[in-house]
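Right, one structure below, let's go through it.
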Amino acid sequence: MKLSWPRLLTALPAVTLAVGLTVSPVAAHPATTAPVAEAFGSPPRLPAAALPRGPLGPPLLKPSAVHVPHHAPWAFPASRGWNNFACRPSAHHPRPVVLVHGTFGNAIDNWLGLAPYLVARGYCVFSLTYGELLGLPLVGGLGPIDHSARQLAHFVDRVLDATGALKVDLVGHSQGGMMPRVYLKFHGGRHRVHTLVGLAPDNHGTDLHGLAKLADIAPVKQTLHALTPGLIEQKTGSALLRRLNAGGDTLRGIRYTVIATKYDEVVTPLGSEFLHGPNVHNILIQRLCPADLSMHASLGLLDRIAFHATANALDPAHATPTTCASVLS
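Residue numbers for the sequence shown, in mature numbering (1 follows the signal peptide of the UniProt record, and there is no 0): -28 to -1, 1 to 301.
What follows is the structure, given as structure tokens:
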């Protein structure tokens, strides 16, 4: 489709904002895409006439049409070590761990580091892809966050049914550290979750070093709402975040750990990641290892020091000190 210059200029700030929130390393792992696509099968397709059109033309799925497909991310081959629905939690690790990716991520690419790390420590580990729009496989975290929280609820129930566990622990990166709180507060998750660990979560939104102000421009706001509602809802002060944080950040009976980095260039200002409540452990990774240079994406994708802190949060009774040497753990 040919875009006119006015439409193109309207789209550019929205694209800039979207790129700023991108955390997915899909392009860095081209070798994984072919087997993953085979494992997932073909994405569902709807008649073009049934799809609404956004201001720039591409067909979009209505929020009500975003769903957890039957062929979805839990079909990822168990031989990889996670999403093995035959896994049974041990007495030492009685709760399955559900990993929740960030914006533009998916059940696989966000967890190529942390999932095997936890599996090697004896956990049953599962991950889902949520918030897919435009029928694009492997690109999640774009749909309305409340609907994504309902997708997470569905997936957690499936994990509990399969494993026989009473509760799960959740570990999320970026949006995946914040969105589960919507599930906990509004969709029954507080009765199914024991611990939530957030890696660079945008619990209080982000201003993207001021770039998020671009989203206040009327055409940009309209474009983002239509194309990627999950992006605009992560802006500091959004209606969703005001609703989520009203009355306090946490819920009684759930343990929270937040792991942040002072070099985060996506969730800004520093401190907007942290939660406030009696059952919260907020960690700045540089206080554990001053030499850790992780930024927003790498904290959840590659940082074994953050992985070690995550393992401690999941099993505090057997925690060991997290230091720079934890990179070798």
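Just so it is clear, CB atoms sit at the ideal spot from N, CA and C, and this is done for glycine as well.
Query: Spell out the partners DSSP gives Arg227 in its beta bridges.; Result: Thr167
Query: To the nearest angstrom, report how far apart Leu86 and Phe279 are at their CA atoms.; Result: 6 angstroms
Query: Just to confirm, is the Cβ distance from residue 302 to Leu213 under 8 angstroms?; Result: This structure cannot speak to residue 302, because the chain is shown only from -28 to 301.
Query: Rounded to whole angstroms, what's the CA-CA distance from Val143 to Val165? Just pull it up for me.; Result: 11 angstroms
Query: For residue 316 and Asp129, I'd like the C-alpha separation in whole angstroms.; Result: The structure shown does not extend to residue 316, since the chain is modelled only from -28 to 301, so the question has no answer here.
Query: Does DSSP classify Val111 as helix, strand or coil?; Result: coil
Query: Would Gly148 and His73 be called neighbours here (beta carbons separated by less than 8 angstroms)?; Result: yes
Query: Go through its chain and collect everything with a Cβ distance to Gly249's Cβ below 6 angstroms, but skip five positions before and after it.; Result: Asp221, Thr222
Query: Go through its chain and collect everything with a Cβ distance to Pro66's Cβ below 6 angstroms, but skip five positions before and after it.; Result: none
Query: Which class does His126 belong to by DSSP, given the choice of helix, strand or coil?; Result: helix
Query: Using three-state DSSP, classify Lys157 as helix, strand or coil.; Result: helix
Query: Quick one: Cα of Gly94 to Cα of Asn56, how far?; Result: 13 angstroms
Query: If you measure between the beta carbons of His268 and Val230, is that distance less than 8 angstroms?; Result: no
Query: In three-state terms, what does DSSP make of Phe279?; Result: helix
Query: Can you tell me whether DSSP reads Thr135 as helix, strand or coil?; Result: helix
Query: Pull up the DSSP beta-bridge partners for Ser120, would you.; Result: Note: Ser120 sits in no beta bridge, so no partner.
Query: Helix, strand or coil for Ser301 per DSSP?; Result: coil
Query: Which of the three DSSP states, helix, strand or coil, is assigned to Val91?; Result: helix
Query: Can the beta-carbon of Tyr235 be found closer than 8 angstroms to that of Leu265?; Result: yes
Query: Please classify Ile80: does DSSP put it in a helix, a strand, or coil?; Result: coil
Query: Under 8 angstroms between the Cβ atoms of residue 307 and Asp141?; Result: There is no way to answer for residue 307, as the model of the chain reaches only from -28 to 301.
Query: Does the separation of the CB atoms of residue 307 and Val70 fall below 8 angstroms?; Result: The structure shown does not extend to residue 307, since the chain spans only -28 to 301, so no value can be given for it.
Query: Report buried or exposed for Ala62, applying the criterion of at least 16 other Cβ atoms within 10 angstroms of its Cβ.; Result: Just to set this straight, residue 62 is Ser in the shown sequence, not Ala. Exposed.
Query: How would you write the range of the alpha helix (DSSP H) that Gly202 sits in, first residue to last?; Result: 201 to 204
Query: Helix or strand or just coil, what does DSSP make of His290?; Result: helix
Query: Please report the distance separating the alpha-carbon of Thr208 from that of Thr294.; Result: 31 angstroms
Query: Relative to the C-alpha of Gly115, which candidate in Ser244, Gln206, Ala172 has its C-alpha closest?; Result: Gln206
Query: Does DSSP put Leu273 in a helix, in a strand, or in coil?; Result: helix
Query: Identify the residues that DSSP records as bridge partners of Gly144: which are they?; Result: Val72, Gly170
Query: I'd like the span of the alpha helix (DSSP H) that includes Leu212, first residue to last.; Result: 211 to 217
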